[in-house]
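S.K.:
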Amino acid sequence: MAGKVRVFLDTSALFAGIWSEKGGARAILKLGEIAAICLLVSPQVIAEIDAVLRRKAPHLLGLLAVLLDAANVEIVSQPSEEAQKRATDLVTHPGDAFVLAAALDARPDYFVTLDRVHFLDNDRLSQAVPFPVGTPGDFLAWWREQWK
7 MAGKVRVFLD TSALFAGIWS EKGGARAILK LGEIAAICLL VSPQVIAEID AVLRRKAPHL
67 LGLLAVLLDA ANVEIVSQPS EEAQKRATDL VTHPGDAFVL AAALDARPDY FVTLDRVHFL
127 DNDRLSQAVP FPVGTPGDFL AWWREQWK
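Numbering-wise (my numbering), the sequence shown opens with residue 7 and increments by one.
In structure tokens:
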């Protein structure tokens, strides 16, 4: 495989990586930390994770900052209008469509989420986007296969 794999994390995947010290989402953050992969998030994901942590686990806000820095997470640009329109056609939830639009513009190799309703079980989406969409575990299995 040439170059680092670019992995876009949505809010649910990032939350899982912060919430649990074990599991696939934290393993992905650790891969970012050792520069084995390039992690991407959108400004929308950062705003959402900040709001979720303030509401559910304010004691983890400091850890969020540490993990984002340690994992070398890159915050991509706001999505283009064209990407927003395309994403809105694929995802009904406005916030998730905005996150997807940022991913479309960022052109990752993989989109990681735990959102079954809007992403994982959305067959139309999986057929329309130019990258695989899966859970942290799905990504880790896919990533291992890239090295075989």
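For glycine and all other residues, C-beta sits at the position ideal for the given N, C-alpha and C.
Just so it is clear, the structure is predicted and the values come from calculations on it, not from any experiment.
(1) Whole angstroms is fine: what's the gap from A71's alpha carbon to L59's?
(2) Helix, strand or coil: how does DSSP classify V52 here?
(3) With distances taken Cα to Cα, identify the nearest neighbour of V13 among D121, N128 and L37.
(4) Quick check: L73 and I24, are their CB atoms within less than 8 Å of each other?
(5) Within 10 angstroms of the Cβ of S86, are there 16 or more other Cβ atoms? Answer buried if so, exposed if not.
(6) With R12 as the anchor, note down where its beta strand (DSSP E) starts and where it stops.
(7) For the beta strand (DSSP E) containing I34, name the first residue and the last one.
(8) For L120, which residues in the same chain have their Cβ closer than 7 Å to its Cβ, ignoring the five residues on either side in sequence?
(9) Alpha carbon to alpha carbon, what distance is there between I40 and F137?
(10) From this set, V97, G143 and L35, which residue's C-alpha is nearest A107's C-alpha?
(11) Could you tell me which residues DSSP pairs with V79 in its beta bridges?
(12) Which residues in the same chain have their Cβ closer than 6 Å to the Cβ of L35, if we skip the five residues on either side of it in sequence?
M.R.: Inspection of the coordinates gives the following:
(1) By 1-based counting over the sequence shown, the position of residue 71 is 65. By 1-based counting over the sequence shown, the position of residue 59 is 53. Each residue's alpha carbon lies about 12 Å from the other.
(2) For the purposes of this step, residue 52 is taken as residue 46 along the sequence shown, with counting starting at 1. Per the sequence shown, the amino acid found at residue 52 is Ile instead of Val. In this structure, I52 counts as helix in the three-state DSSP scheme.
(3) Position 7 of the sequence shown, counting from 1, holds the residue named residue 13. Of D121, N128 and L37, the residue nearest in Cα terms is L37.
(4) Here residue 73 refers to the residue found at position 67 of the sequence shown. Here residue 24 refers to the residue found at position 18 of the sequence shown. Cβ atoms of L73 and I24: closer than 8 Å.
(5) For the purposes of this step, residue 86 is taken as the residue at position 80 of the sequence shown. The residue in question, S86, is exposed, as its Cβ has fewer than 16 Cβ neighbours within 10 Å.
(6) Position 6 of the sequence shown, counted from the start, is the residue given in the question as residue 12. Per DSSP, the continuous beta strand (DSSP E) segment holding R12 begins and ends at V11 to L15.
(7) Locating residue 34 in the sequence shown gives position 28, where the first residue counts as 1. Taken as a continuous stretch (DSSP letters only), I34 belongs to no beta strand (DSSP E), being part of the alpha helix (DSSP H) at G30 to E39.
(8) By 1-based counting over the sequence shown, the position of residue 120 is 114. Counting only Cβ-Cβ distances below 7 Å, and skipping sequence neighbours, we find S18, A19, A22 and T141.
(9) Numbered from its first residue, the sequence shown carries residue 137 at position 131. Numbered from its first residue, the sequence shown carries residue 40 at position 34. Pairing F137 with I40, the inter-Cα distance amounts to about 23 Å.
(10) Translated into the one-based positions of the sequence shown, residue 107 becomes position 101. Residue nearest to A107 within the set V97, G143 and L35 is V97 (criterion: CA-CA distance).
(11) Position 73 of the sequence shown holds residue 79. DSSP, once it has assigned bridges, lists no residue as partnering V79.
(12) Residue numbering aside, residue 35 sits at position 29 when the sequence shown is read from its first letter. Excluding positions up to five away in sequence, the list reads G23, L73 and A77.
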